[in-house]
Structure formats: structure tokens, C-alpha cells
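Here the structure comes first, spelled out in C-alpha cells, and everything after it is commentary.
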Amino acid sequence: MKAAAGDQVVVETSHLMAHRREGKIVEVHDPDGAPPYLVHWSDTDTESLFFPGPDAHIVHNS
């Protein structure tokens with residue numbers, strides 16, 4: 166998985182009571198764009214270091 170600052174990360178869920186999460190990637194520490202990413206989450210208005218799992222995908226900023 167590769168990303169850049171400004172890209173969106175989307176975390177899908179198959180859990181009945183959980184919701185899809187979306188956030189904006191604020192920082193990418195690896196020069197090749199590999200995780201982890203510092204993400205600003207839209208649902209909680211917080212930032213956290215994020216290691217994407219198989220349920221996450223990147224929407225590249227065009």
C-alpha cells in the first residue's frame with residue numbers, strides 16, 4: 166500500500182454495529198509512501214498513527 170499526504174484512507178467494516186471510517190492522511194513517514202500514516206479521522210476529529218489492515222484502502226488525491 167502506497168499513499169501521500171492529502172490522500173484519503175477508507176476503512177470498511179463487515180460488523181453490523183460498526184461504521185465505515187474515513188480520514189485524511191496528514192503525514193507519511195516512509196519516502197516510498199508505505200505505512201504507517203498519521204491520519205486525521207473525520208468521525209472523531211482526532212489524529213492517530215495508522216497501520217492499515219486488509220479492510221482499508223487509499224483514495225489518491227488527484
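Residues in the sequence shown are numbered consecutively from 166, following our numbering.
Each residue gets a CB set at the ideal place from its N, CA and C atoms; glycine is no exception.
>> For the beta strand (DSSP E) containing Phe215, name the first residue and the last one.
In response: Thr211 to Phe215
> How would you write the range of the beta strand (DSSP E) that His222 sits in, first residue to last?
Replying inline: Ala221 to Val224
> Where does Glu187 sit, in a helix, a strand or coil, going by DSSP?
Replying inline: strand
>> Rounded to the nearest angstrom, what separates Thr209 and Val174 at their Cα positions?
In response: 14 Å
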